[in-house]
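This report refers to the structure that appears directly beneath it.
In the numbering used here, the protein residues as written are 13 to 191.
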């Protein structure tokens, strides 16, 4: 079972402060193979897999804004093959895998992405600005494309990658390291 199944384009989901809770047994909080949609103003927690799973190339241009996506057994947001999506002012916390997995030309800004079990943010291309990224099990930000075509700026990236011997928090394929 899925919390919300989005089967059309151009859907606006205003959660109005409500929480979608999976009880640890429902599969994904939001699942869609469609795009040009928006979800905002609520909480998605305790799903068996991902809080939000945008599955496939047709899931372009989503906006996820002012959400708390917490305590899911998979990723907070998984949209690896999505294009042009924006993730703005969210708290993505305590998920077992990656906080935000975004595809191509995505915009990630103003989020708190902390205490996830793997990477904080995995991005193929786009912009990552003004995020707070603390205490993730893997790197804080990882650019998954070669050559790097992602812009980064004004992020606070601290205490990620605890299993490694160093304090390397950010490593795109064209490595830029913060001590």
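Positions of the beta carbon are idealized from the N, C-alpha and C atoms, including for glycine.
The model shown is predicted, which means the values in this text are computed figures rather than measured ones.
If you count every other CB in all the chains shown that lies within 10 Å of the CB of residue 22, and 16 or more means buried, which is it?
Taking the chain shown and counting its residues from 1, the one referred to as residue 22 is at position 10. Residue 22 comes out exposed.
According to DSSP, is residue 126 helix, strand or coil?
Translated into the one-based positions of the chain shown, residue 126 becomes position 114. Three-state DSSP puts residue 126 in a strand.
Cutoff 8 Å; reference residue 114; Cβ partners in own chain excluding five residues on either side
Residue numbering aside, residue 114 sits at position 102 when the chain shown is read from its first letter. The answer, listed in chain order, is 89, 91, 92, 94, 97, 99, 120, 133, 134, 135, 136 and 138.
Opposing strand residues paired with residue 38 [DSSP bridges]:
Start at 1 with the first residue of the chain shown, and residue 38 comes out as number 26. None, per the DSSP bridge assignment.
Of the residues 62, 161, 69 and 20, which one's Cα is nearest the Cα of residue 50?
In the chain shown, the residue the question calls residue 50 occupies position 38. Of the listed residues, the one whose Cα sits closest to residue 50 is 20.
Output needed for residue 13: all residues of its chain with C-beta closer than 7 Å, excluding positions within five of it in sequence on either side, in chain order.
The residue given as residue 13 occupies position 1 in the chain shown. Counting only Cβ-Cβ distances below 7 Å, and skipping sequence neighbours, we find 38 and 39.
Measure the C-alpha to C-alpha separation of residue 48 and residue 72 and round it to an integer number of angstroms.
Here residue 48 corresponds to residue number 36 of the chain shown, with the count starting at 1. Here residue 72 corresponds to residue number 60 of the chain shown, with the count starting at 1. About 6 Å.
Inspect the beta-carbon positions of residue 87 and residue 110 and report whether they are closer than 8 Å.
Counted from its first residue, the chain shown places residue 87 at position 75. Counted from its first residue, the chain shown places residue 110 at position 98. For residue 87 and residue 110, yes; Cβs fall inside 8 Å.
Determine the DSSP secondary structure at residue 215, reduced to helix, strand or coil.
Absent from the model: residue 215. The displayed extent of the chain is 13 to 191, so no value can be given.
Report the three-state DSSP secondary structure of residue 44 (helix, strand or coil).
The residue labelled residue 44 in the question sits at position 32 within the chain shown. Note: residue 44 maps to strand in three-state DSSP.
Per DSSP, the bridge partner or partners of residue 154:
The residue you call residue 154 lines up with position 142 of the chain shown. Paired residue(s): 134.
Would you tell me roughly how many angstroms separate the C-alpha atoms of residue 60 and residue 168, rounded to the nearest one?
Counting from one through the chain shown, the residue named residue 60 turns up at place 48. Counting from one through the chain shown, the residue named residue 168 turns up at place 156. Spanning the two alpha carbons is a distance of roughly 29 Å.
Alpha carbon of residue 65 to alpha carbon of residue 107, nearest angstrom:
Residue mapping note: residue 65 aligns to position 53 of the chain shown, counting from 1. Residue mapping note: residue 107 aligns to position 95 of the chain shown, counting from 1. If you take the alpha carbons of residue 65 and residue 107, they lie about 13 Å apart.
Less than 8 Å separating the beta-carbons of residue 206 and residue 54?
Only positions 13 to 191 of the chain appear in this structure, which leaves residue 206 out of reach.
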